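Enquirer: Okay, so the sequence shown: first residue is 33 according to the numbering used here, each after it adds one.
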Amino acid sequence: PDRSMTQVKLPDPEQLALRILRGERAAVASGLNLLDNKLAETRSRSARLLASLSGEHWLDAGHLIGITGPPGAGKSSLVSALIRAWRSSGRSVAVLAVDPSSRPELGGGALLGDRIRIKNSSHDEGLFIRSLANRNQLGGVATEVWPMSWLLLTCFDIVVIETVGVGQTEIDIAEIGDTVCYVAQPASGDTIQYLKSGIIEIPDIFAVNKSDLGAAARKTAAEIARSASRQDRRADWDYPVCLVSAAMSTGIEQFRDHFDRHRSFLTNAGLLGKLRARHQSAWVVRLLKEEFGTFGLELAGGRTAVAERLSKGVLNQFEEYERLRKQILSRFMSVSRPSSPTKKEHPDEQAIV
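Below, the structure is given as structure tokens:
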């Protein structure tokens, strides 16, 4: 069949950006699809879309929240309860739910793509949920989450990234969220493992779900509080440990208020824009290293030079990422291009193996 007839027409990035900024749900979905598309011809369009959406507001708009924790802790139930609390206060919410990937031969998609775990009673224009496979990334967050979350920040008040529960490897969320919350469950060996690992330094807020279990929940909360207090972190933030129950809807409003309090803390201390700029720079370096390795980074001048270059274009690091990619690819081509032989090899000469 004629290939041109089967190709899907790609959207115009600038027009799509205008629709996204107006909050059109269909445009938001189309924009996320474009960012998730791996075809080579979509790269430049994705960069143009993000360039059209970027600007000063990216450094202080909305609230980007990461929810992490072991499987079975009730993260999705807790996110559902938070959604109801945020929506009752009139704020719009977008959720990027990162699910375990299926096996590559089965397509590599998200096993829980229909988001049955996040329950909502009716269709809500102020709520947008997108499921995304983690692509078997050890850090628990697919690389596509970075640009997708920034797109959603342009048109939603709250953007939640709920990560796959993979224990100690779940660290990437620390380099994307304004506020990171760890959800524990009472009497869980996973929680003890977490407390023994260095990952306890990541969250800004802790939640012990299933607080209706009573003494077991209080014991887990006390263990987390003791461990968190021993960390050498910001002295001006208290790292609250919240006892909540998604099933019983208890402690949810106070829990929600801690997120607001942490964002206010970042804003008042002049940290929010700096944090986001640092996170963007870290993700550019990560993506370049994943694609080209340390050698590729060196072709672009090395990690320090790349970070310095990114700091000068903080408002549009997605375009800068594409420029760096093209620069590295160009230098790869020049390095790998075979040089012309200096002498003609005699046909009888044998290669030494």
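C-beta atoms are modelled at their ideal positions from N, C-alpha and C, and glycine is treated no differently. Computed from a predicted model, the values in this text were never measured in an experiment.
Just to confirm the assignment, what range does the alpha helix (DSSP H) spanning Ala83 have?
Expert: Residues 75–85.
Enquirer: In three-state DSSP terms, what is Asp44?
Expert: If DSSP states are grouped into helix, strand and coil, Asp44 belongs with coil.
Enquirer: Run the CB neighbour count on Asn241, radius 10 Å, all protein chains shown included, and call it buried at 16 or more, exposed below.
Expert: Classification of Asn241: buried, given that the 10 Å Cβ count is 16 or more.
Enquirer: Can you give the beta carbon distance from Val125 to Val192, rounded, assuming they're within the 8 Å contact cut?
Expert: Their Cβ separation, rounded to whole angstroms, is 7 Å, which keeps Val125 and Val192 in contact under 8 Å.
Enquirer: Tell me the residue span of the beta strand (DSSP E) that contains Ile99.
Expert: Element bounds for Ile99: 95–100.
Enquirer: Can you give me the Cβ contacts of Trp178 inside the same chain, cut-off strictly under 7 Å, excluding the 5 residues immediately before and after it?
Expert: Ile208, Trp315, listed in sequence order.
Enquirer: On the DSSP bridge list, what partners appear for Arg162?
Expert: Looking at the DSSP assignment, Arg162 forms a beta bridge with Leu128.
Enquirer: Compare the C-alpha of Arg75 against each of His89, Ser109, Thr211, Arg357 and name the closest.
Expert: Nearest C-alpha to Arg75: Arg357.
Enquirer: Grouping DSSP H, G and I as helix and E and B as strand, with all else coil, what is Phe364?
Expert: Residue state, collapsed to three classes: helix.
Enquirer: Expressed to the nearest angstrom, what Euclidean distance is found between the alpha-carbon atoms of Gly122 and Cys187?
Expert: Computed Cα separation, rounded: 14 Å.
Enquirer: Is it buried or exposed for Gly325, if we count other Cβ within 10 angstroms and need 16 for buried?
Expert: Gly325 is exposed by the Cβ-count criterion.
Enquirer: So Leu304 and Asp92 are in contact, right, with Cβ under 8 Å, and what is the actual spacing, rounded?
Expert: Indeed, because the Cβ distance is near 6 Å, the residues count as touching under 8 Å.
Enquirer: Pull up the DSSP beta-bridge partners for Leu275, would you.
Expert: Paired residue(s): Val240.
Enquirer: Answer yes if the segment 76–90 comes into contact with the segment 280–287, meaning at least three C-beta pairs across the two stretches below 8 Å, and no otherwise.
Expert: Short answer: they don't touch.
Enquirer: Look at the Cβ atom of Glu176, then the Cβ atom of Leu67, and state whether they are nearer than 8 Å.
Expert: Their beta carbons are under 8 Å apart, which means Glu176 touches Leu67 by this criterion.
Enquirer: So is Pro235 buried or exposed if we call it buried at 16+ other beta carbons inside 10 Å?
Expert: With 16 or more other Cβ atoms within 10 Å, it is buried.
Enquirer: Please confirm whether any heavy atom of the ligand SAH lies closer than 7 Å to the CB of Glu352.
Expert: This structure lacks the ligand SAH, and indeed carries no ligand of any kind.
Enquirer: Per DSSP, which one or two residues make a beta bridge with Glu194?
Expert: DSSP output for Glu194 lists Ile99, Ala129 as bridge partner(s).
Enquirer: Who are the near neighbours of Thr299 in its chain, counting only those whose CB is closer than 8 Å to its CB and skipping five residues on each side?
Expert: Answer for Thr299: Asp92, listed in chain order.
Enquirer: How close, in whole Å, do the beta carbons of Arg162 and Leu71 come, if the pair is a contact with beta carbons under 8 Å?
Expert: Their Cβ separation, rounded to whole angstroms, is 19 Å, which puts Arg162 and Leu71 out of contact at 8 Å.
Enquirer: With DSSP collapsed to three states, give me the class of Ser134.
Expert: Low confidence applies here, because Ser134 scores a pLDDT of 40, under 50, leaving its location unreliable; read the following figure in that light. Looking at Ser134 - three-state DSSP - the assignment turns out to be coil, as it is neither helix nor strand.
Enquirer: By alpha-carbon positions, which one of Arg57, Lys344, Asp44, Pro43 ends up nearest to Leu159?
Expert: Closest by alpha carbon: Arg57.
Enquirer: Apply the 10 Å Cβ neighbour rule to Lys2 and answer buried if 16 or more other Cβ atoms are within range, or exposed otherwise.
Expert: No information on residue 2 is available, as it lies outside the stretch 33 to 385 that the chain covers here.
Enquirer: Using only alpha-carbon positions, find the residue among Ile256, Leu329, Thr211 that is nearest to Ile395.
Expert: With the chain running from 33 to 385 in the structure shown, residue 395 is simply not present.
Enquirer: So what does Cys187 bridge to, in DSSP terms?
Expert: DSSP, once it has assigned bridges, lists no residue as partnering Cys187.
Enquirer: Please name the residue, chosen from Ala239, Glu354, His294, that lies closest to Val317 on a Cα-to-Cα basis.
Expert: Minimum Cα distance to Val317 is reached at Glu354.
Enquirer: Going by DSSP in three states, Asp146 sits in which element: helix, strand or coil?
Expert: Interpretation of Asp146 is limited by its pLDDT of 37, a score under 50 that renders its predicted location unreliable; the figure taken from the coordinates is listed afterwards. If DSSP states are grouped into helix, strand and coil, Asp146 belongs with coil.
Enquirer: Thr211 bridges to which residues according to DSSP?
Expert: Ile97.
Enquirer: Is it right to say Leu185 is buried, meaning 16 or more other beta carbons lie within 10 angstroms of its own, or is it exposed?
Expert: With 16 or more Cβ atoms within 10 Å of its Cβ, Leu185 is classed as buried.
Enquirer: How far does the alpha helix (DSSP H) with Lys321 in it reach, from first residue to last?
Expert: Looking at the DSSP string, the run of the alpha helix (DSSP H) that includes Lys321 is 304–331.
Enquirer: CB-CB under 7 Å to Leu138, same chain, minus the five flanking residues each way: which ones, in chain order?
Expert: Confidence in Leu138 is poor, its pLDDT being 36 and thus under 50, which makes the residue's placement unreliable; the coordinate value appears in the next sentence. So no residue of the chain qualifies.
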